[in-house]
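Student: Supplied in structure tokens, the structure appears directly below.
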């Protein structure tokens, strides 16, 4: 077999071994052989042979008392190295560009700062009438989709001062002018996995829907947005825009090492 042919076909035993490792990594705790084999879709005897090799390589370890298998020290080292090399912003920019192509609407990425959410960049669709999202735009917490998403998942002490300022300055949206109402709004965001805002006061006639992106620690790290023109934008939970947004946010969270997912109510 030629080198080119070998390179194209790969090494099947490694691919099978990765099935076993992926099954183990998907569990939340140490696992029994039979459970690993079931998830990997192979007989327990076959899974055991691969686990032995993975143990020798340091990717898996086995508790001598319980016989349970878990990820080994090399797996931890590889995982930490991968996380350290991740560029969340670049991955996020790639994700919103791909999402823009799927929904043909303006998409954007935002991060949290000490002054609230800020737009990192927007991607305009290939259509005549669009919404332009300006890089560096600072958004309110209560009246923007991005702000509501971040605030729903961040600790209260990190957001309370900004919210108090917006309340005192009359910048809260209708129905969110008290802490009980605000907490209800945030709980709705957590239950649905998204925030939908219509008629944002900075840009009249604009609608936006946002979804959270989580990091390896399970904390919110970014918000992905789709922005459209009021009356011309589908924000229905079952619509294509929201479905594609949730799928894109979940994929990006997974890429960042998170097992946390948006599961709409």
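Residue numbers (the numbering used here): 36 to 300. Cβ atoms here follow ideal geometry from the backbone N, Cα and C, with glycine treated the same way. Please read these numbers as outputs of a predicted model, since none were measured by experiment.
1) Can you say whether residue 175 is buried or exposed, counting buried as having 16 or more other CB atoms within 10 angstroms of its CB?
2) Taking residue 105 as part of the beta strand (DSSP E), name the residues at either end of that continuous run.
3) On the criterion of 16 or more Cβ atoms from any shown chain inside 10 Å, does residue 147 qualify as buried, or is it exposed?
4) Note the first and the last residue of the continuous beta strand (DSSP E) segment covering residue 145.
5) What is the rounded straight-line gap between the Cα of residue 250 and the Cα of residue 203?
6) Report all residues from its chain with a CB closer than 6 Å to the CB of residue 12; omit the five preceding and five following residues, and keep chain order.
7) How about residue 232 and residue 145: are their beta carbons less than 8 Å apart?
8) Compare the beta carbon distance of residue 268 and residue 100 with 8 Å and say whether it is the shorter of the two.
9) For residue 225 versus residue 187, is the C-beta spacing smaller than 8 Å?
10) By how many angstroms is the C-alpha of residue 299 removed from the C-alpha of residue 96?
11) Helix, strand or coil for residue 158 per DSSP?
12) From 50, 206, 270, 190, pick the residue whose C-alpha is nearest to that of residue 82; which is it?
Tutor: Quick answer:
1) buried
2) 104 to 106
3) buried
4) 141 to 148
5) 33 Å
6) Because the chain in this structure spans residues 36 to 300, residue 12 falls outside the shown range and cannot be described.
7) no
8) no
9) yes
10) 36 Å
11) strand
12) 50
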